[in-house]
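Each residue of the sequence shown is one higher than the one before, counting from 1 in my numbering.
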Amino acid sequence: MRRVRYGPRSAEELSAAREAAARIPDVWSTGVIAVWETDPDAAAQVLPPPLKPAPRPLVRAVISRVDLPGGHALGAGSVAVRAVHDGQEGDYPLVMPMTTERALIGGREVFGEPKKLGEVEVTVADGRVEASLTRHGIAFVRVSGTAGEELELPPPHENLDFYLKFLPAPDGDGLDSDAALVHCTRRGRTRALRRVDGAVTLTDSPFDPVADLPVRRLVEITLEERTSTQEGRIVERVPAAAVLPFVHQRYDDPMQVLDA
Numbered sequence: 001m002r003r004v005r006y007g008p009r010s011a012e013e014l015s016a017a018r019e020a021a022a023r024i025p026d027v028w029s030t031g032v033i034a035v036w037e038t039d040p041d042a043a044a045q046v047l048p049p050p051l052k053p054a055p056r057p058l059v060r061a062v063i064s065r066v067d068l069p070g071g072h073a074l075g076a077g078s079v080a081v082r083a084v085h086d087g088q089e090g091d092y093p094l095v096m097p098m099t100t101e102r103a104l105i106g107g108r109e110v111f112g113e114p115k116k117l118g119e120v121e122v123t124v125a126d127g128r129v130e131a132s133l134t135r136h137g138i139a140f141v142r143v144s145g146t147a148g149e150e151l152e153l154p155p156p157h158e159n160l161d162f163y164l165k166f167l168p169a170p171d172g173d174g175l176d177s178d179a180a181l182v183h184c185t186r187r188g189r190t191r192a193l194r195r196v197d198g199a200v201t202l203t204d205s206p207f208d209p210v211a212d213l214p215v216r217r218l219v220e221i222t223l224e225e226r227t228s229t230q231e232g233r234i235v236e237r238v239p240a241a242a243v244l245p246f247v248h249q250r251y252d253d254p255m256q257v258l259d260a
């Protein structure tokens with residue numbers, strides 16, 4: 001009988017796929033990272049329960065070009081607010097533009113990352129650094145400046161991100177279950193690090209309203225080459241009723257989850 005590719009895979013095929021994934025080489029990215037202090041009230045408003053505001057109202061924008069095996073490149077971005085959960089401080093991403101569907105689906109379905117298709121640009125030429133995140137024709141985050149001196153490389157680092165993993169109910173009434181709060185630990189190394197003298201420009205967008213988190217004080221801009229891995233775990237279940245007011249962070253149509 002002819003093998004149908006949509007049919008089930010054998011145990012040997014599944015095992016081979018897992019082994020191949022475990023042998024993926026280090027994937028390095030060139031990224032522009034901007035950190036600024038925003039209004040404390042604005043930072044607090046975007047955090048769903050049980051997250052609490054961090055002592056400093058920091059916002060971090062990461063705009064990266066990822067060099068994939070085979071000579072391909074991926075654009076990846078993130079805008080996150082500093083938060084605290086269970087005594088641990090980390091970042092709560094509000095939007096994570098990706099340039100490929102594969103990167104988007106994997107992060108959203110596995111970790112609950114708020115990934116959306118978008119345009120991610122990073123250009124470094126003749127000492128000038130330009131980076132932007134664009135969706136629906138609006139470059140809602142731009143970072144521009146001049147690359148400065150090389151900085152001392154940090155030791156291998158470990159960072160924590162918070163995600164809410166959930167799905168809208170198939171009948172259009174709320175969520176299909178309570179949400180899962182995910183702690184995602186990122187472990188990585190940096191092989192190049194430079195200071196950037198520049199500025200962050202936020203443009204208003206109805207779909208990605210990062211401009212509501214204005215730059216009150218620019219903390220730093222850096223240009224980095226780094227690689228990292230991530231591992232997530234569910235630490236808490238969050239009632240669907242507590243998550244519903246924040247569903248519009250995930251979807252461009254804020255009423256989608258209420259459609260009947």
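Built from N, CA and C at the ideal position, the CB exists for glycine as well.
Source: prediction; values computed, not measured.
Check, Outcome
"Three-state class that DSSP yields for residue 13 in the structure shown", "helix"
"Span of the beta strand (DSSP E) around residue 94", "88-98"
"Same chain, Cβ closer than 7 Å to residue 224, five either side skipped, listed in chain order", "31, 33, 190, 192 and 193"
"Under 8 Å between C-beta atoms of residue 129 and residue 103", "no"
"Same chain, Cβ closer than 6 Å to residue 84, five either side skipped, listed in chain order", "52 and 54"
"Best match in 184, 112, 41 and 67 for proximity to residue 312 [C-alpha to C-alpha]", "Limits of the chain in this structure are 1 at one end and 260 at the other, which puts residue 312 out of reach."
"Check whether residue 50 and residue 238 have beta carbons under 8 Å apart", "yes"
"Three-state secondary structure assigned by DSSP to residue 113", "coil"
"Continuous alpha helix (DSSP H) stretch holding residue 27: start and end", "Careful: residue 27 lies outside any alpha helix (DSSP H) and carries neither H nor E."
"Beta carbon of residue 112 nearer than 8 Å to that of residue 164", "yes"
"Cα-Cα separation between residue 257 and residue 246, rounded to whole angstroms", "Caution is warranted here: a pLDDT of 48 is assigned to residue 257, below 50, making its placement in the model unreliable, and no coordinate value can be reported."
"Whole runs of the alpha helix (DSSP H) within the region 218-257, excluding any shorter than 4 residues", "240-243"
"Limits of the beta strand (DSSP E) - the one that residue 199 falls within", "179-202"
"Residue 196 versus residue 187 - alpha carbon distance", "24 Å"
"Sub-8 Å separation of residue 175 and residue 59 beta-carbons", "no"
"Exposure label - residue 78; buried when at least 16 CB within 10 Å", "buried"
"Neighbourhood of residue 132 by C-beta, 8 Å cutoff - its chain only, sequence neighbours within 5 removed", "63, 119, 120, 121, 139, 141, 142 and 143"
"CA-to-CA distance, residue 125 to residue 65, given in whole angstroms", "14 Å"
"When 208, 97 and 199 are compared against residue 75, the one with the closest alpha-carbon", "97"
"For residue 207, the nearest candidate out of 15, 73 and 95 (CA to CA)", "95"
"7 Å Cβ shell around residue 100 - same chain, five flanking residues per side excluded", "74"
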